[in-house]
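Encoded as structure tokens, the structure appears first; notes follow it.
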Amino acid sequence: AQSVTQPDIHITVSEGASLELRCNYSYGATPYLFWYVQSPGQGLQLLLKYFSGDTLVQGIKGFEAEFKRSQSSFNLRKPSVHWSDAAEYFCAVVGSNSGYALNFGKGTSLLVTP
Amino acid sequence: GAGVSQSPSNKVTEKGKDVELRCDPISGHTALYWYRQRLGQGLEFLIYFQGNSAPDKSGLPSDRFSAERTGESVSTLTIQRTQQEDSAVYLCASSLQGYETQYFGPGTRLLVL
């Protein structure tokens, strides 16, 4: 079954520093991949998605992600982190278990320090 | 336009009681999903509705869980005889079609005492 792994439970970065959140997927064919962000008390918001085509995907809030088939990865990046980026980040893949239901990773909690 | 809405936003109940959670999808969205998010965990898929097709209930954790959807509108998730392990945030999402981006509601936080 399709699944994603987010190896880092917590990450701390300084404001203004670059950020990379890791996501590895398990899927035989070309996966549909997503990154969502969940801020405290907020619902999930889609940052970006990859279905096919260009492997470098641009999203909202200055985020981007690169699909690397050879590494089974879809890492999320941002060149300069803002304090408002502190949140929980989830990588997800469309599973084959049911329609287009998403299989989520366990999430990475991002803390931004001054 | 209006996003996905869910009610109530918070629900506290006693073990053994039944609860109903409501989801109003974005108008025109044919696909609707329910997920559960336990504390410190990722989201678990529960059930999927697509148009008037029979729902896929493969993610429901037990027969105490059920859900209904009227056409392409409101959905209710019912948990009977609630247990403490049912405490979680229940999230609803809708999409234009099954393969389209899913838009999530704010969730219902359920606490079973």
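Protein chains in written order, with the working numbering: chain A, 1 to 114; chain B, 1001 to 1113.
In this text, a Cβ means the ideal position worked out from N, Cα and C, and glycines have one as well.
Subject >> Against chain A: residues of the segment 1033 to 1062 of chain B by CB proximity under 7 Å >> reply: Y1033, Q1041, G1042, L1043, F1045, Y1048, Q1050, D1056, S1058 and G1059
**OP:** Could you check if A:W35 is buried or exposed, using at least 16 other CB atoms within 10 Å of its CB as the buried criterion?
**Re:** What you label residue 35 of chain A is simply residue 35 of the first sequence in a count that begins at 1. Label assigned to A:W35: buried.
**OP:** Note down, in chain order, each residue of its chain lying with its Cβ closer than 6 Å to the Cβ of A:F51, except the 5 sequence neighbours on either side.
**Re:** Along the first sequence, one-based indexing puts residue 51 of chain A at 51. Hits under 6 Å: Y32.
Subject >> Straight-line gap, B:T1030 to A:D54 (C-alpha atoms, nearest Å) >> reply: For the purposes of this step, residue 1030 of chain B is identified with residue 30 of the second sequence, where counting begins at 1. For the purposes of this step, residue 54 of chain A is identified with residue 54 of the first sequence, where counting begins at 1. Per the coordinates, the alpha-carbon of B:T1030 lies some 28 Å from the alpha-carbon of A:D54.
Subject >> Listed by chain order, chain B residues near A:K49 by CB distance under 8 Å >> reply: Within the first sequence, residue 49 of chain A is the residue found at index 49, counting from 1. Counting only Cβ-Cβ distances below 8 Å, A:K49 has contacts in chain B at T1101, in chain order.
Original post:
Expressed to the nearest angstrom, what Euclidean distance is found between the alpha-carbon atoms of B:L1077 and A:V37?
Top reply: For the purposes of this step, residue 1077 of chain B is taken as the residue at position 77 of the second sequence. For the purposes of this step, residue 37 of chain A is taken as the residue at position 37 of the first sequence. One alpha carbon belongs to B:L1077, the other to A:V37, and they sit about 24 Å apart.
Subject >> Start-to-end residues for the beta strand (DSSP E) that takes in B:V1004 >> reply: Position 4 of the second sequence, counting from 1, holds the residue named residue 1004 of chain B. Counting along the chain, B:V1004 falls outside any beta strand (DSSP E), and DSSP gives it neither H nor E.
**OP:** State the beta-bridge partners of B:D1024 as determined by DSSP.
**Re:** Taking the first residue of the second sequence as 1, we reach residue 1024 of chain B at position 24. B:D1024 is bridged to B:S1005.
Subject >> Counterpart residues of A:Y36 in DSSP-defined beta bridges >> reply: Taking the first sequence and counting its residues from 1, the one referred to as residue 36 of chain A is at position 36. Looking at the DSSP assignment, A:Y36 forms a beta bridge with A:L46 and A:F90.
Original post:
I think A:L76 touches A:F63, with their Cβ atoms under 8 Å apart; what is that distance to the nearest whole Å?
Top reply: One-based indexing of the first sequence puts residue 76 of chain A at position 76. One-based indexing of the first sequence puts residue 63 of chain A at position 63. That belief holds up - the Cβ atoms of A:L76 and A:F63 are roughly 6 Å apart, short of 8 Å.
Original post:
Going along chain B in order, which residues have a C-beta closer than 9 Å to the C-beta of A:Y100?
Top reply: Along the first sequence, one-based indexing puts residue 100 of chain A at 100. Here the neighbours are A1031, Y1033, Y1048, Q1050, S1095, Q1097, G1098, Y1099, E1100 and Q1102.
Original post:
Is the beta carbon of B:V1019 sitting closer than 8 Å to the one on B:T1101?
Top reply: As a first step, residue 1019 of chain B is located in the second sequence; it is residue number 19 there, counting from the start. As a first step, residue 1101 of chain B is located in the second sequence; it is residue number 101 there, counting from the start. No. Outside cutoff.
Original post:
Who are the Cβ neighbours of A:S109 in its own chain at under 6 Å, not counting the five residues just before and after it?
Top reply: Counting from 1 along the first sequence, the entry for residue 109 of chain A is found at position 109. Once the five neighbours on either side are set aside, the close Cβ partners of A:S109 are H10 and E88.
Subject >> Alpha-carbon spacing of B:L1096 relative to A:V13, whole angstroms >> reply: Taking the first residue of the second sequence as position 1, residue 1096 of chain B is located at position 96. Taking the first residue of the first sequence as position 1, residue 13 of chain A is located at position 13. If you take the alpha carbons of B:L1096 and A:V13, they lie about 37 Å apart.
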